[in-house]
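*Asks:* Supplied in structure tokens, the structure appears directly below.
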Amino acid sequence: MNLLFIIFAPFFGALLPLLFKQASRPIKTGITLLVPLFCLVVLFQYVPATLAGEVPKQMVEWLPGVGLDFAVRLDGLSLLFVGLILGIGVLIIGYAHYYLSSNDDESRFYSCLLLFMSSMLGIVMADNILLMWVFWELTSISSFLLIGYWFHSSDARRGARMALATTGAGGLALLAGLLIIGHIAGGYQLDTVFAAAEQIKAHAYYVPALILVLLGAFTKSAQFPFQFWLPHAMAAPTPVSAYLHSATMVKAGIFLLARFHPVLAETELWFTLVTLTGLITMLVGAYFALLKHDLKGLLAFSTVSHLGLICMLLGIGTQAAVIAALFHIINHALFKAALFMTAGIIDHESGTRDMRKLQGLMSLMPITATLAMIVAASMAGIPPFNGFMSKELFLDQALQQHLFGGLSWFIPILATVGAMLSVAYSIRFIHDVFFNGDYKETPKKPHDPPRMMSAPVALLGFLCIAIGIAPMTMVSGLLDQAAAAVTGSPVEVKLSLWHGFNMPLLMSVVAVIGGILIYLARDQLFTFNRQFDGQDAKHNFERIVQKTSDAAANFYERLDTGSLQRYIAFVLISVIVVLLPSLSDLSVVTGGKPQLPVDMVSMVGAIILISAAFATATLHRNRFVMLMMLSVVGLVVSLAFAHFSAPDLAMTQLVVEVVSIILMILALFFMPQKTSRASSGHRVFRDIIIASFIGGIVATLNFAILTSPFESISDFFLANAKSGGGGTNVVNVILVDFRGFDTLGEITVLAIAAAGIHKLLNKLKPFMPSSDIDGRPWHRIRHPLMLTTVANILLPMAMVVAAYIFLRGHNLPGGGFIAGLIVASAMILQYIANGVDWMKERFSVNYQSLMSFGVLIAALTGLGSWLFGKPFLTSWFTYLDWPVVGKFEFATALLFDLGVFLTVVGATMMILSNFGKMTTRHRPTHEGH
Amino acid sequence: METLYSVTVGILTACSVFLILRGRSFPVVVGITMLSYAVNLFLFSTGRLTIDGAPIYGTQETYADPLPQALVLTAIVIGFAMTAYSIILAVRARGEIGTDEVNQQDNSTEGNR
Amino acid sequence: MWQQHLAILPILVPLLAALLQLLPWGDRPQPRRRAIGLLSSILTLILSIALLVQVNQDQMIVYALGNWSAPFGIVLMVDKLSALMMLITAILALPVLIYGCYAEDNLGSHFQALFQFQVMGIMGAFATGDIFNLFVFFEVLLISSYALLMHGGGKFRLRTTLHYVLLNLLGSALFLISVGTLYGVTGTLNMADLATQVQQLSGDQAALAKAGGMMLLIVFGIKAAILPLHFWLPQAYSTTTGVVAALFAIMTKVGVYAIVRVYTLIFGPEANELALIAHDWLWIMGLITMLAGAIGIIGARDLRLLVAYLVVISIGTLIATYSLNGVATTGAMLFYLIHSTFITGALFLLADLIAFERGKTASRIVSGKKMANHSAYSVMFLIAAIAIIGLPPLSGFVGKLMIMESASPTGASFWLWGAMLGATLIMLISVTRAGSKMLWHTLSGKANEQSAPLGKRAAVVMLLSLSVVMTLFASPIRNYTDDVAEQLYDIDQYPSRVLIKGVE
Amino acid sequence: MKKLFPTPLLSFFLLTLWVLLFNSVSPGVVILGALFSWFIPFLFRAAWPNFAKVKRPDLAVVYFFILLNDIVVANFKVASMILRKPRSIKPALFVFPLDMKEELPVTLLASTITLTPGTVSCEITRGRKGILIHAFSEESPEEVIKTIRNRYERRLKEIFQC
Amino acid sequence: MLTTVLHIAFLLFSLSVLMNFWRLIKGPDLPDRILALDTIYINSLALLLLLGMYQNTQTYFEAALLIAMFGFVGTIAAGKFLLRGDLIE
Amino acid sequence: MDALNQLPEWSQWLAAFFILLGAIFAFIGSLGLAILPDFFTRLHAPTKNTTIGIGGIVIASILITSVQGAINLNELLIAIFLFLTAPISAHIMAKAALHTELKMFNRTKDFRQEGDSYKHILPNKKDMEP
């Protein structure tokens with residue numbers, strides 16, 4: 001048997017109820033019960049060892065790199081908690097069996113409960129603080145699911161979310177704290193951390209680490225000012241409250257304090273923070289408990305109060321205080337679980353939990369009432385019940401601390417007040433519900449529940465008495481070890497019901513009398529408190545979340561207006577911001593390379609280019625003119641390419657330009673051709689500023705590059721083009737050989753674009769103007785005679801030219817791409833001259849297939865080199881000498897180029913023919929020529 | 001010459017950027033196209049300017065840098081594909097949305113409605 | 001024979017598949033296209049695994065295309081990082097494609113082919129060792145993403161596509177300018193060669209190269225959706241179809257990858273005057289991106305928009321972590337990257353399923369009808385939420401823990417911790433809010449009848465289970481990502497492995 | 001034969017083009033060119049409408065030189081007009097009644113009219129009845145019509161035998 | 001001498017292009033602009049040829065040829081746009 | 001450049017003549033485009049003059065290249081294509097101008113009769129008349 005089973009059994013056991021979803025309820029409950037019982041069996045094997053002062057450990061590696069391993073231990077503190085968790089867990093499962101109605105999904109409930117149990121066990125048994133955190137958050141998640149169990153109720157949903165948010169937040173703080181501690185200690189194993197205790201306390205990061213850990217603990221344990229979530233978690237089914245909010249989850253925070261006591265405690269800061277928080281929480285909780293009309297609300301706040309008490313004890317931190325704290329943990333778990341169950345029984349039987357509607361139930365539910373009185377007395381601290389003993393210890397500790405110097409006296413007084421309030425609300429719980437006159441009408445007529453339902457309460461009540469009477473036999477062994485684990489030194493606990501007449505006893509008496517008085521004066525309190533109504537934490541929380549959400553949405557809408565210009569402006573401004581510093585690093589902009597002389601043609605070209613660019617920008621509202629200006633820009637750019645020794649580029653640019661302008665004119669047909677002024681003056685100003693900056697940056701970069709000396713890899717290309725690539729047109733050889741992969745990518749892009757455009761044009765019903773912008777109807781002749789004739793003549797000629805350009809591309813300017821565009825342009829001319837239908841009749845080419853085949857050919861040419869054991873796209877060429885024909889060159893690059901050619905033709909024609917098809921479909925046919 | 005060249009490229013860029021910042025799809029697409037011209041000129045010039053040195057092996061002693069030319073060729077083709085796609089996207093947007101303005105008219109975003 | 005060409009196969013297989021899919025396949029082409037697509041994706045996955053194994057053996061595969069070695073020809077430089085990214089892509093693509101094969105591909109033409117093209121582009125971008133070739137593959141993946149993004153049509157989708165397209169076209173232009181600048185200064189395009197050249201720069205030359213390098217930051221920032229360049233993402237991801245958004249889970253990672261590659265190899269710690277030029281920016285931008293994403297999820301009123309902002313947060317986390325510039329942090333970051341890719345993919349698909357089965361209310365975060373498979377989705381959502389938020393015990397938590405743990409507590413890391421924990425809290429609140437509104441706050445009455453096909457659900461489960469796998473095998477995976485990071489920072493080995501200078 | 005060479009003239013024309021492009025008559029070029037000029041018409045036969053056949057190539061050559069001559073002469077005339085008195089020209093818009101219908105000759109005639117300075121063919125009127133001409137000069141329309149008819153249209157009709 | 005003449009020709013053609021461009025800017029109507037654009041194309045062609053002569057190279061021939069072949073396609077498209085709106089129908 | 005000056009004297013003269021001829025005509029044509037009063041008259045200027053302008057340049061080019069070696073006629077293709085395409089563009093532009101009813105120079109004599117040129121299909125012709 002293995003310690004890990006105690007955690008893993010409920011974890012995987014959580015699947016059992018789901019697997020037996022179809023089984024009857026008793027079977028489900030039975031199966032579920034098996035799980036904690038099994039765990040108990042495992043546990044008992046280790047109990048003797050632990051009680052003897054050993055610490056059984058187990059470890060499985062998980063993330064050694066991070067220091068997170070599946071390491072568990074079972075020291076006294078763990079044992080105490082494991083016992084509580086499993087023991088009360090068993091009772092709760094049994095209780096829940098009766099509590100849940102037939103409509104409730106029992107499987108889900110048990111499943112979540114077991115999951116929770118597993119995570120809780122994980123926290124208390126973890127030997128690795130990161131692992132502990134893992135389970136810590138798991139309890140948050142599983143408690144979220146449990147609180148939200150009745151998710152159709154809005155209270156349950158909100159309560160669950162609030163609990164999760166608060167404890168989750170604390171958990172995250174805790175993680176940070178744990179990481180810091182781990183870093184200081186040099187590891188996350190508990191022993192490592194304990195060993196480094198002094199180091200940690202002395203470290204500069206001690207304060208943040210402590211605060212972060214405390215944040216985690218306080219949120220989990222609902223300490224002030226994080227107490228607000230707990231009452232709202234009462235929307236959970238009562239078994240959940242009884243389990244989570246009495247015995248287990250809220251105790252996790254306390255456990256954390258206890259666990260880190262050896263590491264973090266015994267400093268001024270710890271004392272101040274923990275003690276004061278505990279004290280305030282105790283008072284605040286008790287006060288609100290008294291005010292609540294809801295039974296579970298009362299219990300919830302009383303839990304807050306008692307947790308504060310424990311917290312305060314841990315803050316005081318002496319050995320006796322620690323013992324008191326641990327003792328009270330047990331006692332509180334017992335009586336509070338029982339009380340919650342009682343409240344659940346009342347609710348279950350009468351249909352309400354509102355104390356204003358309940359009264360005089362004594363006669364109807366005598367057994368329940370008796371049990372309730374026993375456990376309530378324990379809570380109130382009435383002898384001979386266990387609660388009395390731990391309260392006495394507490395009061396004693398409150399008296400004995402001297403940590404606030406001269407002001408220390410106020411602590412015992414406030415402690416007494418807390419005890420007083422505790423008495424008062426305990427009385428209220430009993431008196432209001434079971435006495436206070438005769439039975440009044442409730443939604444259901446109550447009676448005592450089935451025996452098995454009150455059995456857990458009875459058992460717990462019995463324990464309360466038993467511990468009260470014989471504390472040493474019941475718990476001292478356990479407390480010894482637990483306290484030893486907390487304080488880090490061996491402890492011998494002495495407990496007895498009777499201490500003799502002393503100060504704590506007096507305070508107890510004062511508390512009881514005061515409590516009765518307060519209860520009698522409760523109506524004044526209610527009135528006093530009514531003025532604070534409406535300060536509901538849940539609503540506050542919801543409102544805050546909602547408000548934040550709205551604010552965030554608002555903020556985003558303001559930031560992200562869905563305005564493309566804004567996005568673009570952001571990008572451009574980023575460019576400016578990021579680049580200006582680097583450019584300012586340039587000491588001299590010119591790199592010192594001598595400049596070429598300016599000739600007149602270039603000057604004129606520049607003038608035209610600049611003016612055309614300006615015109616394009618300024619005439620953008622008259623779109624057709626803008627296009628013409630753009631085409632001037634394109635033309636001059638291609639001339640510039642020609643001028644600066646790039647004939648291939650010039651040709652490509654020319655033809656591409658023609659095709660793009662045609663595309664744009666085509667598109668313009670479906671667009672407004674003139675638009676009114678849209679942007680405001682300062683927008684234009686802003687845009688001009690941005691544009692000038694970007695232009696300036698680009699110009700500076702360009703100039704700096706142009707004038708700096710340069711050495712590149714290009715010499716290699718020049719040297720190897722002929723010998724290695726078999727062509728003299730170095731640009732082309734680069735394209736089809738040295739960097740053929742780029743070209744393959746580029747034609748792929750073209751093919752994808754064509755496919756994408758096909759997708760775009762699919763099912764598009766465009767807006768088709770029936771007249772031009774001046775309201776003039778269109779000319780009647782669709783295909784002018786002269787145009788059709790010349791286009792027809794030009795097509796075969798263009799093919800010849802294309803073939804020529806294609807074939808010589810390897811050696812002289814040209815190549816597959818330009819050839820493809822030439823053919824495409826000639827075909828486009830045909831489309832313009834003769835129309836889609838005419839073309840369709842005559843050319844049944846599937847452009848899409850043509851395009852795919854083109855890329856395929858290129859790719860397969862590349863693949864062909866594999867046959868020769870060479871990498872993809874390796875080219876091969878040879879010179880053949882055929883009779884008559886003479887010597888000529890054959891290169892695989894030519895095949896590749898053929899692929900490029902076909903792709904270009906296919907893609908371009910696919911784009912245009914699809915475009916044309918789209919409009920023709922919508923156009924009524926009328927007279928041609 | 002280099003000064004003239006870079007100033008021209010800069011102005012071309014600035015004008016395209018101005019167009020790209022307009023609110024309607026057509027000028028933006030035209031701006032993008034023009035920007036691609038400017039960028040091509042820029043990229044081309046990274047091999048430095050050479051006159052009368054077309055990189056045809058065996059025709060002269062000094063050649064222009066052929067690599068940027070090849071890069072620009074690739075860039076032109078890709079730019080063409082992109083222009084084609086974006087212009088037709090603009091047409092489609094105009095066809096379906098009914099306006100060629102690139103922004104939503106109301107300020108709320110779809111996901112948040 | 002194929003082993004020696006392993007590096008290029010994950011690029012070629014999708015390419016050939018896509019080309020085959022583009023051919024007409026008779027009257028009912030879709031089944032055949034699907035078959036080709038699935039076959040290709042499975043094959044790509046197998047090949048990527050093989051590639052990873054191979055790279056693990058050989059440290060790095062340098063594949064000289066056209067038999068022209070670097071720096072003259074284009075080489076594929078598949079190091080561990082590339083192999084890892086390619087494997088992630090292949091793993092993500094398969095379930096997403098399965099999901100897409102359930103009639104999602106009938107919403108518009110060419111889905112299948114574009115999907116494969118997209119995968120090809122991503123693979124190529126990860127594999128290439130040449131900066132201009134990177135540009136080309138960026139364009140391949142971008143143009144396919146443009147087309148995919150508007151898959152299914154619709155006004156909003158069109159508008160966001162338009163935004164996305166135009167913004168990215170601007171990005172492409174900037175990319176060219178930066179490549180040009182780098183070439184103009186160093187005279188080379190190969191990344192490893194650039195690294196050696198950049199090391200030797202000084203003075204004005206260095207300033208120029210710096211300008212080029214910084215502009216690249218903007219370019220990759222747009223792709224990775226770093227603030228303030230991220231605006232395209234939320235709308236784009238939330239309006240497109242789920243299957244496309246899920247595939248796009250890897251797209252932002254391409255940007256992250258490019259940033260990691262360029263600012264480690266070229267402008268990395270050993271670049272002398274230009275060492276770590278971008279890291280300060282990345283640090284700040286990463287943190288602000290997280291903040292922006294967090295604000296976004298608080299305000300989101302739609303599940304898909306919420307998930308989109310979750311992507312933004314994860315990007316911010318990745319970038320900020322990377323900028324800490326350490327082997328350990330980078331290793332942790334890569335782990336988180338893997339996790340966030342899968343889980344956001346799963347979430348997009350899940351949101352799509354939920355939107356479909358909810359009917360009218362779709363994915364808006366309001367109460368609605370019960371779904372046909374309500375409890376199944378609730379469980380899936382719970383798991384996905386735990387994973388994405390970073391709650392234990394799933395991979396998100398492991399990833400975050402790794403990052404926080406590796407960023408040992410110094411001044412800077414505190415900010416990172418704070419940002420990450422704060423973001424986690426906000427995610428926790430917002431995601432549970434969304435979940436409780438959509439899955440718990442159901443209207444009474446009968447559940448909606450339309451039920452998504454089992455295969456779609458299975459695809460989501462496949463992706464989600466990856467998170468579980470990553471949790472269980474966190475340690476070996478982290479060891480691998482640490483190896484990756486170590487190799488990545490071992491900058492000197494790149495030139496020596498990639499470059500064979502002086503070969504005539 | 002007809003099937004093998006659907007449009008021999010076109011093929012010949014393309015071959016000429018090919019040779020001109022390559023600027024070489026080496027066997028390799030010619031053979032490849034022949035192959036192309038044989039093959040391309042097959043590709044584009046569908047898009048090659050039934051153009052009127054050139055029946056008298058000899059006259060076509062003559063026509064070409066007349067055209068060249070006219071272009072040069074008219075160029076000087078128009079140039080002088082532009083230089084001397086751009087504001088005092090008297091343009092006219094009139095219709096040249098066509099005497100033929102075939103598309104190729106009509107197109108050629110219209111092109112001729114445009115190519116010779118001073119006149120531009122603006123439109124082919126309804127039913128291919130005439131060509132709408134915009135004239136630059138101050139001559140009377142009748143005179144221009146007569147010139148066109150005698151110098152060009154008649155010759156075209158002869159060439160195409162229509 | 002030939003170079004001098006070429007320089008003069010460069011000058012004349014440059015001026016021509018400038019004048020054409022002026023017309024393009026000024027308009028006033030779209031056909032005027034189209035005409036101006038067409039003329040710019042033709043003058044550019046001439047410039048390319050001159051450049052070829054000046055540098056005594058054949059490299060610009062193809063570019064010039066392409067302008068001759070396809071320079072007018074843009075003009076046709078623009079004209080057809082004015083006539084019919086839709087280019088491909 | 002040196003190569004140009006080494007050409008035979010006569011060919012230099014001839015080439016210079018043709019170049020100048022072409023350039024001057026091109027210039028005049030462009031001038032006409034700039035200064036002529038209406039679109040139709042402007043249409044005449046460039047379509048004619050640039051045509052002969054190009055012709056001159058092409059001849060010079062052929063001359064220069066042919067003198068240096070073998071006969072080189074491929075520049076002729078440029079002229080052929082231009083002669084083929086230039087009338088069409090002029091034609092289409094004129095059509096467009098007529099269609100858009102551009103204002104004509106006030107001295108233009110219009111001999112057109114009803115039905116000579118294509119008018120628009122006007123379902124509501126009245127509305128369209130200015």
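Protein chains in written order, with the UniProt record's numbering: chain A, 1 to 929; chain B, 1 to 113; chain C, 1 to 504; chain D, 1 to 162; chain E, 1 to 89; chain F, 1 to 130.
Here a beta-carbon is modelled for each residue, glycine too, at the ideal position from N, C-alpha and C.
1) From the DSSP output, which residues share a beta bridge with residue 189(A)?
2) What are the start and end residues of the beta strand (DSSP E) that includes residue 61(A)?
3) Contact check, residue 343(A) vs residue 296(A) under 8 Å by CB: the rounded distance?
4) Compare the Cα-Cα distances from residue 102(A) to each of 131(A), 30(A), 153(A) and 26(A) and report the closest residue.
5) Answer with buried or exposed for residue 449(A), where buried requires no fewer than 16 other C-beta atoms within 10 angstroms of its C-beta.
6) Using only the alpha-carbon positions, how far apart do residue 525(A) and residue 429(A) sit?
7) Run down chain A in chain order and give the residues with a C-beta less than 7 Å from the C-beta of residue 61(B).
8) Report the option in 382(A), 409(A) and 549(A) whose CA atom is closest to the CA atom of residue 568(C).
9) In angstroms, rounded to a whole number, what distance separates the CA positions of residue 130(F) and residue 602(A)?
10) With distances taken between CB atoms, is the gap from residue 605(A) to residue 553(A) smaller than 8 Å?
11) Contact check, residue 337(C) vs residue 253(C) under 8 Å by CB: the rounded distance?
12) Which residues in chain B sit within 7 Å of residue 59(E), going by Cβ to Cβ distance?
13) Name the chain F residues that come within less than 8 Å of residue 82(E), Cβ to Cβ?
14) For residue 112(A) and residue 36(A), I'd like the C-alpha separation in whole angstroms.
15) Residue 97(D) to residue 53(E), Cα distance in whole Å?
16) Are the Cβ atoms of residue 36(D) and residue 29(D) separated by less than 8 Å?
17) Can you list, in chain order, the residues of its chain with a C-beta nearer than 8 Å to that of residue 115(D)? Leave out the 5 residues immediately preceding and following it.
*Replies:* Quick answer:
1) On the first sequence, position 189 is the one that residue 189(A) refers to. 128(A), per the DSSP bridge assignment.
2) Reading the first sequence from its first residue, position 61 is the one you call residue 61(A). Per DSSP, residue 61(A) belongs to the beta strand (DSSP E) from 57-63.
3) Numbered from its first residue, the first sequence carries residue 343(A) at position 343. Numbered from its first residue, the first sequence carries residue 296(A) at position 296. Contact holds; Cβ gap of about 5 Å.
4) Here the question's residue 102(A) lines up with position 102 in the first sequence. For the residues 131(A), 30(A), 153(A) and 26(A), the minimum Cα distance to residue 102(A) belongs to 26(A).
5) Taking the first sequence and counting its residues from 1, the one referred to as residue 449(A) is at position 449. Residue 449(A) comes out buried.
6) Your numbering for residue 525(A) matches position 525 in the first sequence. Your numbering for residue 429(A) matches position 429 in the first sequence. Near 16 Å, if we compare the C-alpha coordinates of residue 429(A) and residue 525(A).
7) Against the second sequence, residue 61(B) aligns to sequence position 61. Under the 7 Å cutoff, chain A gives no residues; its nearest Cβ is about 11 Å from residue 61(B).
8) The question about residue 568(C) has no answer here: the residues shown for chain C are numbered 1 through 504.
9) Within the sixth sequence, residue 130(F) is the residue found at index 130, counting from 1. Within the first sequence, residue 602(A) is the residue found at index 602, counting from 1. For residue 130(F), the predicted structure reports a pLDDT of 32, less than 50, and the residue's modelled location is therefore unreliable. A value from the coordinates is still provided. Their Cα atoms are separated by approximately 47 Å.
10) Within the first sequence, numbered from 1, the residue matching residue 605(A) stands at position 605. Within the first sequence, numbered from 1, the residue matching residue 553(A) stands at position 553. No. Outside cutoff.
11) Within the third sequence, numbered from 1, the residue matching residue 337(C) stands at position 337. Within the third sequence, numbered from 1, the residue matching residue 253(C) stands at position 253. Confirmed, about 6 Å.
12) Along the fifth sequence, one-based indexing puts residue 59(E) at 59. Simply 54 and 56.
13) Counted from its first residue, the fifth sequence places residue 82(E) at position 82. Here the neighbours are 96, 99 and 100.
14) To locate residue 112(A), count along the first sequence from 1; it is residue 112. To locate residue 36(A), count along the first sequence from 1; it is residue 36. Between residue 112(A) and residue 36(A), the C-alpha separation is close to 14 Å.
15) Locating residue 97(D) in the fourth sequence gives position 97, where the first residue counts as 1. Locating residue 53(E) in the fifth sequence gives position 53, where the first residue counts as 1. The straight-line gap from Cα to Cα measures roughly 45 Å.
16) Along the fourth sequence, one-based indexing puts residue 36(D) at 36. Along the fourth sequence, one-based indexing puts residue 29(D) at 29. Going by C-beta atoms, residue 36(D) is not nearer than 8 Å to residue 29(D).
17) As a position in the fourth sequence, residue 115(D) is number 115, starting the count at 1. Hits under 8 Å: 67 and 71.
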